[in-house]
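Protein chains in written order, with my numbering: chain S, 56 to 262; chain H, 56 to 262.
Down below is the structure, laid out as C-alpha cells.
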DNA sequence: GTCTATACGGAGATAGAC
DNA sequence: GTCTATCTCCGTATAGAC
C-alpha cells in the first residue's frame, strides 16, 4: 500500500468513475461533468487522456471486457480438466464479477442489479461507427465462441444448441437480477439457480 | 382506411414516434426535438399532451405494456384449454409483437433486435420516482405472476422453479436477438428455439 | 499533467398568436 | 389544439496558465 498522498492517476480515477456511473445510470444519461466530479478531475484532464466522451466510453468497455475475460479465465483454470465444470464455468465467473481490483467503491454492491453492461451499452450506442462498438462485439463473440468450444469439449451431440442454451441461461440470469431489483418490496424473489440448470442442460446434451 | 387528409391526432403521432425512437436509440439518447421532427408536431403540442419528456416516456411504456399484455392475452386465448400450450404462450406472443396496429413504420422490422424495452428502460431510468417506473414494474410483475400461474395450471411440481426457467428462456431469447444483431457479418447466428426449449422444460417439471 | 475559466451547441421547456 | 419564436440551462469541449 502506497501512502494516500500518492493518488491514483487521473486516468484510472476517470475509468473507475465512468464504470460506476455509466453502468449504474446509463451511458447517455450520465454527463461527463458527473464523471469529472466523481473522479475529482478537471475537464481538460479528461480530454488529455481520451478523445472525448465516446473515447471514455470505449475505454470503459475495453477495460470491463478485459476484466471479464480474465475472471472467466480464472474460473476456467480452477476447473482443471473437469469438462463438465468447464462447460458451466461462465456462471462461476459471474459470481465473482466484478471483483473491483482498482476502484473499490462500496456502492458496487448493487452493480449486479444492472444486468449485462455490454447488452445495455448496445442499446444506447447507435451504430458500428462508435469507438466502443468493437467491445460490444467482443463480448458477444467471446460468449458464443467459448461456450461452443466448451460444449464441444464436454461431448455435446450438438455443441451449437447447447451453447445457445447456456447463453440463454447466462442472459436470463443477468436479466433476473434486474427484474429482482425492480420487484423489491414484493415478496423476496426466488433465486435463479443458473449454474444448476446449466449442469442439467449439459447432462441432457451428452446423454 | 380514412382519407390521408384526416391525419392521426398529434398525441398518437407523438407516441408512435417516441416508440420508434426511444426503443431503437435509447431513451436518454433521444432528444424531444427528434421525436417532434419524426412526429411532425410542434414543441408546444407535446407539452399540451404530456407533462414533459418524462411524461412522454411514461405514456410510451404504458401503451407498450398494454399492447404487450393484449398480445399475450390473444396468444393465450388461441390455446384454448391446452395447459401445455398455455404455459409456453408467452413465446407465441413474442413472435407476433409488436404488431404495430397504429403507426406502421417500415423500420419496425428490426424492432426485435433491440431486446426488451422494459429492461432497457430500467437501466436508463434512475429511480422509483420516475413516472414511467410503474410500467417497468408492471412488466416484470406480469411475467412473474402469469408464468407462475400457468406453470401451476400445467401441473408443475415446483411452479416457481418452472416459472423461473420460462422467464430465463424469455429473457434469453430477447437477449439472443440483440447479440445476433451485433454479430451480423459473421456466419449467420444459430436460431434460438425458445418455445421448444420451454416445452421441454414444462415436460420435465410435470413428469 | 493538471488546473481555472470559458466558449459553444443542443436539449428541455415556455410565451403568446392563430 | 396547434403553431412560430424564443428562453434558459446543462453538457461537451477547448483555451491558456501553472
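For every residue, glycine included, the Cβ atom is placed at its ideal position computed from N, Cα and C.
**Study point:** Proximal residues to residue 253 of chain S (C-beta, below 7 Å), its chain only, five neighbours per side dropped
**Key:** The residues are 143, 146, 221 and 224.
Exercise for review: Output the boundary residues of the alpha helix (DSSP H) element that contains residue 117 of chain H.
Suggested key: First-last of the alpha helix (DSSP H) with residue 117 of chain H: 108-132.
Point to revise | Near-chain H residues of the stretch 211-228 of chain S (beta-carbon distance less than 9 Å), N- to C-terminal order | key: Per Cβ criterion, the list reads 215, 216, 218, 219, 220, 222, 223, 224, 225, 226, 227 and 228.
Review point. Going along the stretch 185-209 of chain S in order, which residues come within less than 8 Å of chain H, judged by CB to CB distance?
Key: Within the stretch 185-209 of chain S, the residues whose Cβ lies closer than 8 Å to any Cβ of chain H are, in chain order, 191, 192, 195, 196, 198 and 199.
**Study point:** Closer than 8 Å to chain S by CB, residue 245 of chain H
**Key:** Yes - at least one Cβ of chain S is within 8 Å of the one on residue 245 of chain H.
Practice item. Out of H:124, H:75 and H:108, point me to the one whose CA is closest to residue 180 of chain H's CA. Key: For the set H:124, H:75 and H:108, the Cα lying nearest the Cα of residue 180 of chain H is the one of H:108.
Review point. Residue 130 of chain H CB to nearest chain S CB: under 8 Å?
Key: Chain S contact via Cβ: absent.
Review point. How about residue 140 of chain S and residue 126 of chain S: are their beta carbons less than 8 Å apart?
Key: No, they are not a contact pair.
Exercise for review: For the alpha helix (DSSP H) containing residue 236 of chain H, list its first residue and its last residue.
Suggested key: Residues 214-237.
**Study point:** Proximal chain H residues relative to residue 81 of chain S, where beta-carbon distance stays under 7 Å
**Key:** For a Cβ distance threshold of 7 Å, residue set 83, 178 and 179 of chain H lies close to residue 81 of chain S, ordered along the chain.
Practice item. Tell me, please, whether the CB atom of residue 175 of chain H is closer than 8 Å to any CB atom in chain S? Key: At least one C-beta of chain S is nearer than 8 Å to the C-beta of residue 175 of chain H.
Practice item. Output the residue ranges of the alpha helix (DSSP H) runs that lie fully inside the stretch 146-207 of chain H and measure 4 residues or longer, sorted by chain position. Key: List check, alpha helix (DSSP H) in window: 172-179.
Practice item. Between the Cα of residue 118 of chain H and those of H:67, H:205, H:217 and H:92, spot the shortest distance and give me the residue it belongs to. Key: Nearest option by C-alpha distance: H:67.
Check your understanding: The alpha helix (DSSP H) spanning residue 138 of chain H covers which residue range?
Key -> Start and end: 138-142.
Practice item. Taking only beta-carbon positions, decide if residue 233 of chain S is within less than 8 Å of chain H. Key: So, interface residue.
Check your understanding: Can the beta-carbon of residue 237 of chain S be found closer than 8 Å to that of residue 177 of chain H?
Key -> Cβ distance < 8 Å, so residue 237 of chain S and residue 177 of chain H count as in contact.
Exercise for review: List the endpoints of the continuous alpha helix (DSSP H) containing residue 339 of chain S.
Suggested key: Examination of residue 339 of chain S is not possible in this model, given that chain S is present from 56 through 262 alone.
Point to revise | residue 169 of chain H at chain S interface by Cβ criterion, 8 Å | key: For residue 169 of chain H, the answer is yes, since a Cβ of chain S falls inside 8 Å of its Cβ.
Review point. In whole angstroms, what separates the C-alpha of residue 78 of chain H from that of residue 175 of chain H?
Key: Roughly 8 Å between the two C-alpha positions.
Review point. Looking at C-alpha atoms only, which residue of H:203, H:255 and H:258 is the closest neighbour of residue 245 of chain S?
Key: Ranked by Cα distance from residue 245 of chain S, the options H:203, H:255 and H:258 are led by H:203.
Point to revise | Cross-chain neighbours of residue 238 of chain H in chain S, by beta carbon under 9 Å | key: In chain order, 192, 195, 196 and 199 make up the part of chain S whose C-beta sits under 9 Å from the C-beta of residue 238 of chain H.
Review point. Residue 193 of chain S: which of H:172, H:191, H:239 and H:99 sits nearest, CA to CA?
Key: With respect to the C-alpha of residue 193 of chain S, the residue from H:172, H:191, H:239 and H:99 having the closest C-alpha is H:239.
Review point. Can you tell me where the alpha helix (DSSP H) with residue 67 of chain S in it begins and where it stops?
Key: In this chain, the alpha helix (DSSP H) harbouring residue 67 of chain S covers 65-80.
Exercise for review: Name the two residues that bound the continuous alpha helix (DSSP H) containing residue 245 of chain S.
Suggested key: No residue range can be given for residue 245 of chain S, since it is assigned to no alpha helix (DSSP H) and is classified by DSSP as neither H nor E.
Exercise for review: Starting from the Cα of residue 129 of chain H, find the closest Cα among H:110, H:111, H:150 and H:116 and give me that residue.
Suggested key: When only C-alpha atoms are compared, the closest one is H:150.
Practice item. Please list the partners that residue 230 of chain H has in chain S, where partner means a Cβ-to-Cβ separation under 9 Å. Key: Against residue 230 of chain H, the close residues of chain S are 171, 174, 222, 223, 225, 226, 227, 229 and 230, in the order they occur along the chain (beta-carbon pairs closer than 9 Å).
**Study point:** Secondary structure of residue 261 of chain H, DSSP reduced to three states
**Key:** Note: residue 261 of chain H maps to helix in three-state DSSP.
Point to revise | Through-space distance from residue 63 of chain S to residue 76 of chain H, alpha-carbon basis | key: Going by C-alpha positions, residue 76 of chain H is about 40 Å away from residue 63 of chain S.
Review point. I think residue 85 of chain S touches residue 115 of chain S, with their Cβ atoms under 8 Å apart; what is that distance to the nearest whole Å?
Key: That pair is no contact at about 10 Å.
Review point. Beta-carbon of residue 252 of chain H versus every beta-carbon of chain S: anything under 8 Å?
Key: At least one C-beta of chain S is nearer than 8 Å to the C-beta of residue 252 of chain H.
Practice item. Going by CA-CA distance only, name the one from S:81, S:69 and S:113 that's closest to residue 98 of chain S. Key: Comparing alpha carbon positions, the residue from S:81, S:69 and S:113 closest to residue 98 of chain S is S:69.
Check your understanding: According to DSSP, is residue 83 of chain H helix, strand or coil?
Key -> Three-state DSSP puts residue 83 of chain H in coil, outside helix and strand.
**Study point:** Where residue 89 of chain H falls: helix, strand or coil (DSSP)
**Key:** The three-state reading of DSSP puts residue 89 of chain H in helix, counting H, G and I together.
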